[in-house]
Amino acid sequence: MHSIRSIFVATLAVVIAGVTLVFAASLGLALAGIASVIMLGSWIAAKMQPAPVRARCYARTGKPGQREPRIWNDGRGTIIDL
Numbered sequence: 001m002h003s004i005r006s007i008f009v010a011t012l013a014v015v016i017a018g019v020t021l022v023f024a025a026s027l028g029l030a031l032a033g034i035a036s037v038i039m040l041g042s043w044i045a046a047k048m049q050p051a052p053v054r055a056r057c058y059a060r061t062g063k064p065g066q067r068e069p070r071i072w073n074d075g076r077g078t079i080i081d082l
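Heads up, the sequence shown is in the UniProt record's numbering, so the first residue is 1 and it goes up one at a time.
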């Protein structure tokens, strides 16, 4: 009777350890999948950001000594250099 009980307890321990291993592995794969989808989305979003576009402003004619102001957009806002 004692040996049958110990075999039953050992088998139960192995089953519980196996179920725990399968659960942990599936949870790890799920987290790895979620992380890879987030990283891929972040990479695509960074690729799709618009490039800074240089705005042009032409000098006013008729005023001596006046140069063309430089205006550009660096992606964070428009910069005007008079």
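C-beta atoms are modelled at their ideal positions from N, C-alpha and C, and glycine is treated no differently.
No experiment lies behind these values; they were computed from the predicted model shown.
Item, Value
"Whole-angstrom distance between residue 15 and residue 26, CA atom to CA atom", "17 Å"
"Residues that DSSP places opposite residue 54 in a beta bridge", "None; residue 54 has no bridge partner."
"Close-in-space but distant-in-sequence residues of the same chain around residue 11 (CB under 6 Å, 5 per side omitted)", "none"
"Where residue 76 sits in the DSSP three-state scheme", "coil"
"Whole-number beta carbon distance between residue 74 and residue 52, since they are thought to touch under 8 Å", "5 Å"
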